[in-house]
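Since the structure comes first, as structure tokens, the remarks are kept for the end.
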Amino acid sequence: MDALRIAADAALDYAASVDDRPAFPTPEAIAGLTAFDEPLPETGADVAETLRLLDAAGSPATVATTADRYFGFVIGGVHPAALGAAWLADAWDQNAGLPVMSPVAARLHDVVRRWLVDVLRLPEQTGVVFTTGATVANATCLAAGRDSLLERAGWDVQADGLFGAPPVTVVVGAHRHSTLSKSLGLVGLGRRRVVVVPADDQGRLRAEELPDVSGPVLVCAQAGEVNSGAFDPFDAIADWAADREAWVHVDGAFGLWALADPTRAALVAGLDRADSWATDGHKWLNVTYDCGIAFVREVTALRRTFTAVAGYLPGDEGFETMHHTPQSSQRARQIEVWAVLRALGRTGVAELVQRTCDTAAALADRLRAGGLDVVNDAVLNQVLVRLDDAASTNALVAAVQADGRIWCGATQWHGAPAMRISVSSWKSGPEDAEAVAGVILECATRARAAGR
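This note's numbering numbers the first residue of the sequence shown as 3 and each following residue consecutively.
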């Protein structure tokens, strides 16, 4: 128990000090990681000493993603309710695969399913399962969609595989996220064997360019383009899909949470008409890594694809998670999701989305007024900025990252570099926009001076 108290104290110290740490570790802190480069102990080391080493060498070398100045990669800062629930859940060490393995995980899964469907305004019967992240959540939904489409065509994928199966036409937007393509490859539908629909200047799929196709059809829409934050036109896509009995899947790794905010109704119109949706809890909901969430309108589609029967596995009452996800054994991610949803409530989740979006909008206005080029519409939580040209934009990103007070990442947008600012932490609010903009504009001045 003494060793666990050492770890708990170190974690509390870290959480209390993270807002005062550099946004990115110093070179000295990274060099200090050599403390881990030792031979495997022959007889084992003292547990307390091991945990002290982990804290001493590891904590200074972390990226302060949970701090109030991190705006990279759409990484949320862990909410206190999630962190506390994670500590307790780790102590419980529950396998959430079957109710008999963890009654508490099973009950919380049922509660969280209802709450998520409620807060995101999805169809009442929607099935919900937890995965490692949106990549696997996408793959989970795509596999269920693939098998449903092929069952209608008289083919049993789980029994007979894909060899000789009727072809499934997959339709995607030109600005689909790379992990959606990865997920398509994982489920055997192919990364390149797709029909690509052009996108507009904000990355939205152009519904008028959807192809005239027939047979089993799976169309992938997007809620929250990874750079611009733009949303595809879901009603038009759903109308097109209805004429073809197509399966509509939505990749909403962070953008799906806009469903929780009534002020974003125009962005999400028709989003509830899809057959499946994928998102992350570790982004906008601010739970710990990792937590992906897959939603499927008809939960039987998940069971068709993922059921796994073995003689030692009991028949169970209640929702059997292992028969609805790619993994059998799995940690109880729903515990943290339950804690954050309970701590925030419906209005708190809506306020979180609205507040961070308002912060992004205020930041975009301030940077534009300061002479930077804001190249997206900033309708959600993403802000894309450029300086004068490609070289100066790259210099701006380097200057911001070297400055250390905040952290933003680089991206490519329409063939040229840009700096991407992602506002997704529960700690961020419009009052931060002025301070963050001040840092960026200072760095822009230095970048311009260095380029002369």
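Where is the CB? At the ideal position from N, CA and C, for every residue including glycine.
Check	Outcome
Can you pull the DSSP bridge partners for ILE423?	VAL385
Give, in chain order, every unbroken run of the alpha helix (DSSP H) that is at least 4 residues long and sits entirely within the segment 34 to 71.	49 to 55
In angstroms with no decimal places, state the Cα-to-Cα distance between ALA271 and LEU55.	51 Å
Going by alpha carbons, who is nearest to GLY283 out of ASP434, ALA12, ASP367, ALA84?	ALA84
Would you kindly work out how many angstroms separate the C-alpha atoms of ALA167 and ALA13, rounded to a whole number?	52 Å
Note the first and the last residue of the continuous beta strand (DSSP E) segment covering GLN414.	411 to 415
Can a CB atom of chain C be found closer than 7 Å to the CB of ALA380?	Judged by its chain identifiers, the structure shown contains no chain C, having just a single protein chain.
How do the segment 151 to 169 and the segment 293 to 302 stand: do at least 3 beta-carbon pairs fall below 8 Å, yes or no?	no
With DSSP as the reference, label HIS111 as helix, strand or coil.	helix
By Cβ distance below 7 Å, which residues in the same chain neighbour ALA248 in space, the five residues on each side in sequence not counted?	VAL219, LEU220, VAL221
Looking at the structure shown, is GLN224 part of a helix, part of a strand, or coil, going by DSSP?	strand
Hey, ASN378 and SER278: beta-carbon distance below 7 Å or not?	no
Quick test of the definition: if touching needs 3 or more C-beta pairs under 8 Å, does the segment 107 to 115 touch the segment 339 to 358?	yes
Kindly indicate which three-state DSSP category GLY187 falls into: helix, strand or coil?	helix
Output the distance between the C-alpha atoms of ASN383 and SER430, rounded to the nearest integer angstrom.	11 Å
What does the alpha-carbon distance come out to for the pair THR64 and ALA362?	25 Å
Please give the ranges of any beta strand (DSSP E) in the segment 285 to 325, keeping only runs that are unbroken, at least 3 residues long and fully inside the region.	294 to 298
Need the endpoints of the alpha helix (DSSP H) that THR349 sits in, please.	336 to 371
Go through its chain and collect everything with a Cβ distance to GLU211's Cβ below 6 Å, but skip five positions before and after it.	VAL199, PRO200
Can you check the segment 102 to 147 for any beta strand (DSSP E) of at least 3 residues that lies completely inside it and give the ranges in chain order?	129 to 133
Where does LEU164 sit, in a helix, a strand or coil, going by DSSP?	coil
Identify whether ASP282 lies in helix, strand or coil by the three-state DSSP scheme.	strand
For SER183 versus ARG193, is the C-beta spacing smaller than 7 Å?	yes
In the DSSP assignment, the beta strand (DSSP E) including THR171 goes from what residue to what residue?	171 to 175
Reducing DSSP to helix, strand and coil, say where ALA392 ends up.	helix
Alpha carbon to alpha carbon, how far is GLY406 from ASP419? Give it in angstroms, no decimals.	Per the sequence shown, the amino acid found at residue 419 is Pro instead of Asp. If I take the Cα positions, the gap works out to 21 Å.
Using only the alpha-carbon positions, how far apart do PHE308 and PHE256 sit?	25 Å
In this structure, does DSSP put LEU100 in helix, strand or coil?	coil
Do ALA50 and GLN332 count as a contact pair if the criterion is CB distance below 7 Å?	no
Who does HIS251 pair with in a DSSP beta bridge?	CYS222, SER278
Just to confirm my understanding: we take LEU389, look at its own chain, exclude 5 residues before and 5 after, and list those with CB closer than 8 Å. What are they?	LEU374, ASP375, THR395, ALA397, LEU398, ALA446, ALA449, ARG450
Could you give the DSSP three-state label for LEU6: helix, strand or coil?	helix
On the DSSP letters alone, give me the boundaries of the alpha helix (DSSP H) that VAL198 sits inside.	Run containing VAL198: none in the alpha helix (DSSP H); it sits in the beta strand (DSSP E), 197 to 199.
Please report the straight-line C-alpha distance between VAL252 and VAL173, rounded to a whole angstrom.	12 Å
Out of SER19, ASP149, GLY135, state which residue places its alpha-carbon closest to the alpha-carbon of ALA296.	GLY135
Could you say if the segment 406 to 415 and the segment 342 to 362 meet the contact criterion of at least three C-beta pairs nearer than 8 Å?	no
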